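A quick write-up on the structure given underneath.
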Amino acid sequence: MTIQQLSVFVENKHGGMAEITEILKNQDINIRALSIADTTDYGILRLIVDRPEAAVEALKDGGITVTLTDVIAVELPDRPGGLHEAVTALTKADISIEYMYAFLCQLRGRAYVVLRVGDNDRAAGVLQNSGFRQMVTSDLCET
Amino acid sequence: MFFQKEIETMPRKELEALQLAKLKETVAYCYNKVPFYHQKLTEAGVGDGSRIRQLSDVQYIPFTTKEDFRNNYPFGLNAAPMKDIVRIHASSGTTGKPTVGVYTKKDIDVWSDCVARVAVAGGVTDEDIIQISFGYGLFTGALGLHFGLEKIGATVIPASSGNTEKQMMMFRDFGVTGLVATPSYALYLSEAVKEAGYPLSDYSLRLGILGSEPCTPEMRAQIEANLGIYVSDNYGMTELGGPGVSGDCPERDGMHFAEDHFLPEIIDSATGERLREGGKGELVVTTLSRQGMPVLRYRTKDITSITYEPCPCGRTHARMSKTAGRTDDMMIIKGVNVFPTQIESVLVGMPYIGPHYQIVLRRVNFRDTLEIRVELADAELLERYQELQELQRSMHDRLKSVLGLEAKVTLVQPKTLERFQGKAKRILDLRNEPQA
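Rendered as structure tokens:
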């Protein structure tokens, strides 16, 4: 149970980010979540959007370097220790997390954490067995 | 394979005797026919050259420079009357008035021989169908190769440069076996071929005869891999009549001069002193056969070295190493001499980045800075952040060890750096611009 995430290369120049957001706007693509990893020289923008494949195509056409990755978006109980339980479940199963970021989904009124791990299938199984619900692609398209 | 085996493998003693006789002829011809040379030769005490005893006496002849061509624009250096001139070529003239070259019938014939030697050494036969993707026009490259290849009996397609789609269409539809282009345009076309997605087996391409700008071994390897061809390099310039002054043999270990038509020397570009064999310095060339526009000791501004060692290919003519760059292109950054080819040798062959690059020089707080912009071609690395950082670090470190300078490596979006259809212009020098 994974969803697709876009990783977009952002040049460190004036308007570098606007170039990307404009393309997404023109294609009527809605951003559900984002995170950015940056250095002084460039950034990598991670995006969860409602129509990932259309977004990739539009960005590529616009000459932007972009790739799609499968990630897990796990629904967390909104209380202290909620994230800890999910992370512990993965740690126990010896699955390491490469990066993660959180977002709130207004439609569902829930908190989610996007997880990038080495082995998606195993991680998904572990989380499911520990009682965590995961977001599926169709959840992103709700209006 | 040879085009003129007897001359190309002539024992050095005979070759040098031939050169000496032709040098004396050329000096006398210049003295008698060109007022500019008459004056210079008189001032230097060389006169009509009748006292020249050995080849090394060439050192007493004054140099000719690009400036001299400019001052004598357009026909001041002509030695033959206009009625004997059958063609005029000229350089692009980006640095002032164009450099003009004029040719008699015999000049065209000799030139075609020189080009044919280079092409045959690069593998061309009369079976080949060769697409010339040099820009036609005043530029010597296109027509020079054109006539040389026709002399071999190859089929020539005068495609000129530009219109990539059409270039690729002709590759496929005409069964093109060989490509003539600048290395940068060949690289561009090779990328386009890769992107077009047809398997290489749809093409009959097997060789490339590239020239008119330096090609590093790394860039050559990339073009060869992209197109599945064998690439040979050759050297020449408008002032010396165009391509074919020297060219690769199958050993590709130095380019053989056509020494029966050109007398090469290497000098220290600061002092003008001749260097011993193998020394690295500025190439100086005297033409030995030209009628329309003979040239004495032309300072090419290209940095190279010459060897007279026998070559396993059998050719006896001297070889020049790949030019390290032109004194023109040389950048002085924080007092360090840097050639674009050095930077290229680091970048080409690096994984995940495109082969195109731009060099940006700035002056920040009175200090020079060097920035190298490369395209991130492979999106895969975006998911492997550490490797991306590692890539940038290793480019930085290798540039530092090759150049001895700190360089900032900037990754940019693919296909945003300028592509070139002729000679590439990769340096953006902003050091004398007001700081933004």
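Here the protein sequences line up with chains C and P, keeping their order. Mapping of the first sequence onto full-length UniProt numbering: residues 1 to 143, in sequence order. Mapping of the second sequence onto full-length UniProt numbering: residues 1 to 436, in sequence order. In this text, a Cβ means the ideal position worked out from N, Cα and C, and glycines have one as well. Remember, predicted model here, so these are calculated numbers, not experimental data.
DSSP state of residue i mapped onto helix, strand, coil
i	result
C/C105	strand
P/L143	helix
residue 478 of chain P	Residue numbering for chain P in the displayed model covers 1 to 436; residue 478 of chain P lies beyond these limits and cannot be assessed.
P/L428	strand
P/M82	helix
P/P217	helix
residue 437 of chain P	Past the edges of chain P, shown from 1 to 436, lies residue 437 of chain P, and the structure says nothing about it.
C/L90	helix
P/Q167	helix
C/D61	helix
P/A44	coil
P/H396	helix
C/D119	coil
P/Y308	coil
P/S190	helix
P/N337	strand
C/F9	strand
P/S204	coil
C/R46	strand
C/A73	strand
P/R70	helix
P/V124	coil
P/H317	coil
C/T137	helix
C/Q4	strand
Residues near residue i by beta carbon distance below 6 angstroms, same chain, minus five either side
i	result
P/T238	S91, T99, G101 and T140
C/L59	I23 and V66
C/F9	T65
P/Q291	A80, T104, K106 and D107
P/G242	T140, G144 and G236
C/A86	V74 and F132
P/D128	A154, T177 and G178
P/L411	L376
P/H38	Y31
8 angstroms Cβ shell around residue i - same chain, five flanking residues per side excluded
i	result
P/A318	H256, F257, E259, P264, I306, T307 and Y308
P/F75	M82, V100 and V102
P/I266	R274, L275, G279, K280, G281, E282, L283, V284, T304, S305 and I306
C/E98	R116, V117 and G118
P/D368	I333, K334, L361, R362 and R431
P/Q19	L55, E259, D260, L263 and L288
C-beta contact flag for residue i and residue j at 7 angstroms
i	j	result
C/F103	C/A37	no
P/Y230	P/L207	yes
P/T304	P/G325	no
P/R315	P/E14	no
P/G135	P/S161	yes
P/I209	P/S190	no
P/G354	P/A377	yes
P/A28	P/D57	no
P/P62	P/K40	yes
C/R133	C/E75	yes
C/Q5	C/R46	yes
P/L399	P/V346	yes
P/A424	P/S184	yes
P/A121	P/I132	no
P/N163	P/K194	no
C/T69	P/E371	no
P/I311	P/P250	The question names Ile, but residue 311 of chain P is Cys in the sequence shown. The answer is no: Cβ separation not under 7 angstroms.
C/I48	C/T2	no
C/Y101	C/S35	yes
Close Cβ partners of residue i (< 7 angstroms) along its chain, the five nearest in sequence each way excluded
i	result
P/E224	Y230 and V231
P/Q4	D113 and R117
P/D126	I152, G153 and A154
P/D329	F339 and P340
P/P294	T26, Y29, C30, A79 and T287
C/A89	V126, L127 and S130
Margin query: Using a Cβ-Cβ cutoff of 8 angstroms, what residues of the segment 27-44 of chain C are near chain P? List them in chain order.
Written below: A37, T39, D41, Y42 and I44
Checklist line | Residues, ordered as in the chain, of the segment 61-77 of chain C that lie near chain P by beta-carbon distance below 8 angstroms | finding: Here the close residues are G63, I64, T65, V66, T67 and T69.
Note to self: If the cut-off is 7 angstroms on Cβ atoms, which residues from the segment 410-430 of chain P count as contacting chain C, listed in chain order?
What the structure shows: T410, L411, V412, Q413, P414, K415 and T416
Notebook entry, point to check: Along the chain, which unbroken stretches of the beta strand (DSSP E) at least 3 residues long are found entirely within the segment 231-279 of chain P?
Noted result: Entirely contained in the segment 231-279 of chain P, the beta strand (DSSP E) runs reaching 3 residues are, in chain order, 242-248, 255-257 and 262-267.
Checklist line | Contact set between the segment 364-381 of chain P and chain C, restricted to residues whose Cβ is under 9 angstroms from the partner | finding: E375, L376, A377, D378, A379, E380 and L381
Note to self: At 3 residues or longer, what runs of the beta strand (DSSP E) sit wholly inside the segment 346-391 of chain P?
What the structure shows: Runs of the beta strand (DSSP E) lying entirely within the segment 346-391 of chain P and spanning at least 3 residues, in chain order: 353-364 and 367-376.
Next item on the list: Please list the residues of the segment 385-404 of chain P that have a C-beta atom closer than 8 angstroms to any C-beta atom in chain C, keeping them in chain order.
Entry: Y385, L388, Q389 and Q392
Checklist line | Residues of the segment 179-197 of chain P whose Cβ lies closer than 9 angstroms to any Cβ of chain C, in chain order | finding: none
Notebook entry, point to check: Mind listing which residues of the segment 86-112 of chain C have their C-beta closer than 7 angstroms to chain P's C-betas, in chain order?
Noted result: none
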